[in-house]
Amino acid sequence: MDKADPTILSLVREQFPMITESVLQEAIAKVAQVRTFKAGEIIMDFGNYIRMVPMVVKGSIKVVREDDNSEREIFLYFLGAGDTCSMSFSCCMMNKRSDIRTTAEDDATVIGIPIKYVDEWMMKYPSWKNFIMSSYDSRMQELVRTIDSIAFSNMDERLLAYLNKKSEAQNSKLIQTTHQDIAHDLNASREAVSRLLKALEQKGKIQLGRNKIQLL
DNA sequence: ACATTAATTGTGT
DNA sequence: ACACAATTAATGT
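Here the first sequence is numbered in the working numbering, starting from 80 and rising by one per residue.
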């Protein structure tokens, strides 16, 4: 057995206070791997098998779904520090390929838990089970809200919700992105996004600049 | 500092 | 959605 990595141990204590049992903290530090991704890098793609369940330590990660046939992509949600990827549970438990793609928004750091432990610890450690369940629950609620906004909201509300989530994920009111990228995430045309953004600017909700959007 | 070019954003149909 | 105009940032001279 390897010994517990002190770096991982302190990361777990800092970012995942929900995990209380120190035996579990040490178990994580023994088996987990730290992985870093540069901004824009693809972490998980469609069709990939999941080997690890990631726990996000730093940066933010964008989760998107691609339509079966074409190149159309649609934004699902962001993961930030302290979050974990609920999709990866269902995938790795069922030993199924990934239905989603995840990319690093910023430079991101995750600690990966090999799937065999994810399962094993469910029985062994109550706080692990609790952690998994509650993050599953909150992700589920967030997904429902996303579906609502796609199904029932106008584009301008969707756009505003997207901007807010992005800002929250990055802990910054200043968003660095292009209209084209937003349009891609929302599965809309770039012109429509530009026009809606300008309308939002005139309502005093945001301030536009090249490659940046300031939330007010 | 100025000109050139590429990328991003704005507008009319 | 398309075509093109205008603006801004980056790069070279």
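For glycine and all other residues, C-beta sits at the position ideal for the given N, C-alpha and C.
On the premise that residue j lies in contact with residue i, defined as a C-beta separation below 8 Å, what is that separation, rounded to the nearest angstrom?
{"i": "Phe125", "j": "Glu145", "result": "6 Å"}
{"i": "Gln255", "j": "Asn290", "result": "6 Å"}
{"i": "Leu155", "j": "Val143", "result": "6 Å"}
{"i": "Ser206", "j": "Thr99", "result": "5 Å"}
{"i": "Ala240", "j": "Ser228", "result": "6 Å"}
{"i": "Ile194", "j": "Arg130", "result": "7 Å"}
{"i": "Met97", "j": "Phe231", "result": "With a Cβ gap of about 33 Å, Met97 and Phe231 do not count as contacting."}
{"i": "Arg176", "j": "Tyr128", "result": "6 Å"}
Which two residues bound the contiguous alpha helix (DSSP H) that contains residue i?
{"i": "Tyr241", "result": "234–249"}
{"i": "Arg289", "result": "That residue, Arg289, is in no alpha helix (DSSP H); it is neither H nor E in DSSP."}
{"i": "Gln220", "result": "205–231"}
{"i": "Thr257", "result": "Unbroken run through Thr257: none, as it is neither H nor E."}
{"i": "Ser273", "result": "269–281"}
Provide the residue span of the beta strand (DSSP E) that contains residue i, from first to last.
{"i": "Tyr156", "result": "152–158"}
{"i": "Phe125", "result": "Premise fails: Phe125 is in no beta strand (DSSP E) and is neither H nor E."}
{"i": "Lys163", "result": "As written in the sequence, residue 163 is Thr, which differs from the Lys given in the question. It is not in any beta strand (DSSP E) - Thr163 carries neither H nor E in the DSSP assignment."}
Kindly identify the DSSP beta-bridge partner or partners of residue i.
{"i": "Glu145", "result": "Glu152"}
{"i": "Val132", "result": "Ile192"}
{"i": "Arg180", "result": "Val143"}
{"i": "Ile98", "result": "DSSP, once it has assigned bridges, lists no residue as partnering Ile98."}
{"i": "Lys137", "result": "Thr188"}
{"i": "Val113", "result": "Ile190"}
Once the 5 residues before and after residue i are set aside, which same chain residues still bring their CB inside 7 Å of it?
{"i": "Ala160", "result": "Gln94, Val135, Val136, Lys137"}
{"i": "Ala183", "result": "Phe116, Lys117, Ala118, Gly119, Glu120, Ile122, Gly138, Ile140"}
{"i": "Met234", "result": "Ala267, Ala271, Leu275"}
{"i": "Glu280", "result": "Gln286, Leu287"}
Can you tell me the Cα-Cα spacing of residue i and residue j, whole angstroms?
{"i": "Tyr204", "j": "Leu103", "result": "7 Å"}
{"i": "Asp178", "j": "Met172", "result": "14 Å"}
{"i": "Leu253", "j": "Arg237", "result": "18 Å"}
{"i": "Met202", "j": "Gly283", "result": "52 Å"}
{"i": "Arg218", "j": "Lys245", "result": "16 Å"}
{"i": "Ala297", "j": "Asn243", "result": "Only positions 80 to 295 of the chain appear in this structure, which leaves residue 297 out of reach."}
{"i": "Thr181", "j": "Asp162", "result": "14 Å"}
{"i": "Val91", "j": "Glu150", "result": "37 Å"}
{"i": "Asp198", "j": "Cys170", "result": "12 Å"}
Counting only the same chain and skipping the five closest in sequence on each side, list residues whose C-beta sits under 6 Å from that of residue i.
{"i": "Val133", "result": "With the sequence shown as reference, residue 133 is identified as Pro, and Val is not the correct amino acid for it. Around Pro133: Cys164, Val189, Gly191."}
{"i": "Gln259", "result": "Arg269"}
{"i": "Asp84", "result": "Ala108"}
{"i": "Asp264", "result": "Phe154"}
{"i": "Leu294", "result": "Ser246, Lys252, Ile285"}
Apart from the five residues just before and just after residue i, which ones in its own chain have a Cβ nearer than 8 Å to its Cβ?
{"i": "Ala87", "result": "In the sequence on display, residue 87 carries Ile and not Ala. The residues are Ile107, Ala108, Ala111, Val113, Ile190."}
{"i": "Thr257", "result": "Asn290"}
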